[in-house]
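A short worksheet on the structure shown next.
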Amino acid sequence: FERAGFHGIEILSRQAEPWQVIDGIEFRSLTVRAFKGKQGDCWERNQAVIYKGPWRAVQDDDGHTLYRGERMAVCDKTFRLYTDSSSPYHRDLIPVSPHSEIPLESAQPFNCSRDAVRDPRETKGLDYRATVKSEASSSCSTDSCC
Numbered sequence: 851f852e853r854a855g856f857h858g859i860e861i862l863s864r865q866a867e868p869w870q871v872i873d874g875i876e877f878r879s880l881t882v883r884a885f886k887g888k889q890g891d892c893w894e895r896n897q898a899v900i901y902k903g904p905w906r907a908v909q910d911d912d913g914h915t916l917y918r919g920e921r922m923a924v925c926d927k928t929f930r931l932y933t934d935s936s937s938p939y940h941r942d943l944i945p946v947s948p949h950s951e952i953p954l955e956s957a958q959p960f961n962c963s964r965d966a967v968r969d970p971r972e973t974k975g976l977d978y979r980a981t982v983k984s985e986a987s988s989s990c991s992t993d994s995c996c
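Under the numbering used here, the first residue of the sequence shown carries the number 851, and numbering increases by one thereafter.
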């Protein structure tokens, strides 16, 4: 499947008992789901994803390593691939879009061979200094357990 250009390859079910055994070789049925459509150029648009876990790290079919809880830099193509609601990845990731959108026609090439943590200043902008105070009273007190 991978060599044919598929991604997000999952085994959905595996037959418990073989349907046939020949010379000690067991033949079983597998149901596999795979997706097409990850071709394209890699453009820098200051996007990131955060892998939720449970593993410490995971590696996709293209060799991108995502570390649990870390804001990982990804190109626009990978960001869309990971975060589209129909993708097999979106439930495991938190998308981090840039504060100021970079138009695709202004984007620079992205080096997809790197596994880099995306500094928050990259997605928010170097001059981002907002302060937002909660209007609600704090839910934490000396009597609470938080």
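Every residue, glycine too, gets a C-beta built ideally from N, C-alpha and C.
* To do: Express the C-alpha separation of residue 865 and residue 883 in angstroms, rounding to a whole number.
  => 15 Å
* To do: Can you say whether residue 899 is buried or exposed, counting buried as having 16 or more other CB atoms within 10 angstroms of its CB?
  => buried
* Asked: CB residue 851 to CB residue 893, shorter than 7 Å?
  -> By the CB criterion at 7 Å, residue 851 and residue 893 fall outside the cutoff.
* From the DSSP output, read off the bridge partner residues of residue 1007. => With the chain represented from 851 up to 996, any question about residue 1007 goes unanswered, as that position is not in the structure.
* **residue 974 versus residue 878: straight-line alpha-carbon distance, rounded** => 51 Å
* Asked: So is residue 928 buried or exposed if we call it buried at 16+ other beta carbons inside 10 Å?
  -> Taking all protein chains in view, the Cβ of residue 928 is crowded by 16 or more other Cβ atoms within 10 Å, so the residue is classified as buried.
* When the Cβ atoms of the region 862-876 are set against those of the region 907-915, are three or more pairs found closer than 8 Å? -> no
* To do: Determine the direct distance from the alpha carbon of residue 947 to that of residue 895, and round the result to whole angstroms.
  => 9 Å
* Asked: What's the gap between the Cα of residue 926 and the Cα of residue 951?
  -> 11 Å
* For residue 982, count neighbouring C-beta atoms within 10 Å of its own C-beta (all shown protein chains included) and say buried if the count is 16 or more, exposed if not. => exposed
* Asked: So which of 857, 962, 876, 969 has the shortest CA-CA distance to residue 914?
  -> Checked all of 857, 962, 876, 969; the closest Cα to residue 914 is 962.
* Asked: Do the CB positions of residue 922 and residue 931 come within less than 7 Å of each other?
  -> no
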